[in-house]
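These protein sequences, in sequence, are chains A and B.
Under numbering that gives the first Met the number 0, the first residue of the first sequence carries the number 0, and numbering increases by one thereafter.
Under numbering that gives the first Met the number 0, the first residue of the second sequence carries the number 0, and numbering increases by one thereafter.
Heads up: the structure comes next, in C-alpha cells.
Protein chains: 2
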Amino acid sequence: MSAQRIYLAGPEVFLPNMAEVQEAKKTLVREYGLVPVTPGDADAADFPTSHEKGMAISARDETLMDSSDAIIANLTPYRGIAADTGTCFELGYMSAQGKPAFAYSNEAKNHHDRVLEYYGGKVQRDAKGLPRGPDGLLVEDFDMIDNLMLQGGIERRGGAVVAGHAAADAMFSNLAAFTEIVKIAAAKLL
Amino acid sequence: MSAQRIYLAGPEVFLPNMAEVQEAKKTLVREYGLVPVTPGDADAADFPTSHEKGMAISARDETLMDSSDAIIANLTPYRGIAADTGTCFELGYMSAQGKPAFAYSNEAKNHHDRVLEYYGGKVQRDAKGLPRGPDGLLVEDFDMIDNLMLQGGIERRGGAVVAGHAAADAMFSNLAAFTEIVKIAAAKLL
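Encoded structure:
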C-alpha cells in the first residue's frame, strides 16, 4: 500500500507556537508510519487584500485535503463551547470524499455537558418534554463530542473519536488524546 | 433544466418553533422556483440509545445532501461567536461534491469584529506584529463572515454570502438575509 497521507485539521494554526505544535504532531504521525499534511498560512505579501489572502489559504487547504487519504480533526472547543468552524468544514469536506475520518478533543466534557454548563444549569422541559435553554434552543444529547453530523460522519465511516482531559492551560498543547487517535488511525489505515 | 434541490442547513432544527421557521423558509424557496430540502429529526422511538439516534440523523441528513444540488447555510452565530458546527460540516460536505454553496448570517458584525468583542478589546500585537488575544490566539481578519474555509469554499465556487442585521431577539426568525440569498441562488441556478 502506498503511503497514507493524513490531513491534520485543527485550530493549531492560530497558536503563538503554531510551528512547534505542528512539528510535534507531524513527528508523532510519522512515528506511526503515516505521512502528515498540515494546513498553513499563505504568504501575506502576495495578496493585495486580506480577503484575497483568505481565499488563497482556502484554496490551498482544499488542495491539501484533496491530496490526502484521511483526516484527523482536533475538535477541542475553540473560543466557546464548540469546535473550530473551519475544522468542521474540513471534516465534512473529507467525509464527502469518502475518506476515513478521525477526531479528538482535549476537553473531557461532552457536547451535552458543555451546553448545560453554557446555560448555567437553567434548562427546562418544554410542553413536549424536550429540554431547552432560557433562549428556547434544544439541549440535544446524543452522547457525542460535538454536533451529531461531526461524530456521526466519522463513526459511520469506520473512524473513531477520542476525548482526552487536558488541563485548561494545555488545551492546545497536550498531545495525549492526539497520540491515541493517531494509533487508532494507523491501525485502521496501514 | 431539472428542478434544483436546495439543502437548507442551519441551527433552525434546535428552535422551539422549528416547524414554523422551516415552513416559512421552504415557502420562500419555492416562490423563487427552487425545491427546498430540510434536515430534520428522526423518530426517537426507533432507536434504543440517543447515540444511535444521532447516527441515524447523520445518515439521513447526508443522504438528503447527496440528493441536493446546492446548499444555503445559515451561519448566524450559535451559542457563542461562531456558526453552528453541524452546519459548517454540511457546508464542507457539499463543497467537496462541487455543488454551489451559499450562506447568510443574521449578525451584521463580521468574524473579526465578533472576535474583538469576545476579547473585550484586549488584543495586542506580538513580536511579529500579529494581533493576539490574551489567550495567545491569533485574531485573524480576512474580512469574512466566519472562518475563511467557509466563505472561501463558497466564493471560490461562485456562491455568495449575505450578512443581514437582525435584532437580538429575531436572530433565528428574521428572514430578510435569507430571502436575499435565495434570490441570488435562484439567479445563479435557474
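Cβ atoms here follow ideal geometry from the backbone N, Cα and C, with glycine treated the same way.
Beta-carbon separation (whole angstroms), residue i vs residue j, contact threshold 8 Å
i: A69/A; j: A18/A; result: Not quite, the Cβ-Cβ distance comes to about 23 Å (not below 8 Å), so this is no contact.
i: V36/A; j: R4/A; result: 5 Å
i: V28/B; j: F171/B; result: Contact flag wrong, Cβ pair sits at about 17 Å.
i: K121/B; j: G132/B; result: 7 Å
i: A95/A; j: A82/B; result: Between A82/B and A95/A the Cβ distance is about 18 Å, and since that is not below 8 Å, they are no contact.
i: A184/A; j: L33/A; result: 7 Å
Residue of the options minimising C-alpha distance to residue i
i: A126/A; options: V34/B, Q3/B and N16/B; result: N16/B
i: Y117/A; options: P76/A, A2/A and K182/A; result: P76/A
i: H164/A; options: L174/A, R155/A, G157/A and G158/A; result: L174/A
i: K98/B; options: F46/B, G152/B and V160/B; result: G152/B
i: G9/B; options: K108/A, L189/A, M148/A and V114/A; result: M148/A
i: N146/A; options: A95/A, G119/A, R124/A and F88/A; result: F88/A
i: L14/A; options: I183/A, D168/A and A58/A; result: D168/A
i: K24/A; options: P47/A, D134/A, G157/A and I71/A; result: I71/A
i: V12/B; options: T26/B, Y31/B, P38/B and E22/B; result: P38/B
i: M54/B; options: H50/A, G53/A and G157/A; result: G157/A
i: A102/B; options: R113/B, T26/B and E154/B; result: E154/B
i: T48/A; options: A166/B, K182/B and F141/B; result: F141/B
Residue i versus residue j: straight-line alpha-carbon distance, rounded
i: G85/A; j: I180/B; result: 22 Å
i: Y92/B; j: Q150/A; result: 14 Å
i: K187/B; j: D45/B; result: 40 Å
i: L63/A; j: Y6/A; result: 7 Å
i: H111/A; j: L137/A; result: 11 Å
i: A2/B; j: P130/B; result: 47 Å
i: N73/B; j: V161/A; result: 29 Å
i: I124/A; j: E139/A; result: Note that residue 124/A corresponds to Arg in the displayed sequence, not to Ile. The alpha-carbon atoms of R124/A and E139/A are separated by roughly 12 Å.
i: N109/B; j: I80/B; result: 10 Å
i: A159/A; j: T178/A; result: 13 Å
i: A176/A; j: L189/A; result: 20 Å
i: M143/A; j: H50/B; result: 7 Å
i: A58/B; j: S66/B; result: 13 Å
i: A107/A; j: A166/A; result: 10 Å
i: E61/B; j: E22/B; result: 21 Å
i: E30/B; j: N105/B; result: 21 Å
i: G119/B; j: R113/B; result: 10 Å
i: T26/A; j: K182/A; result: 13 Å
i: K52/B; j: D134/A; result: 24 Å
i: I56/A; j: L115/A; result: 35 Å
Bridge partners - residue i, DSSP secondary structure assignment
i: Y92/A; result: Paired residues: none, contrary to the question.
i: Q123/B; result: R131/B
i: S104/B; result: A162/B
i: V34/A; result: R4/A
i: I71/B; result: L7/B and F101/B
i: G151/A; result: Looking at the DSSP assignment, G151/A forms no beta bridge with any residue, so it has no partner.
i: L137/A; result: R131/A
i: G79/A; result: G79/B
beta-carbon residue i near the ligand ADP non-hydrogen atom, thresh 7 Å
i: I71/B; result: The model on display carries no ligand, and the ligand ADP is accordingly not part of it.
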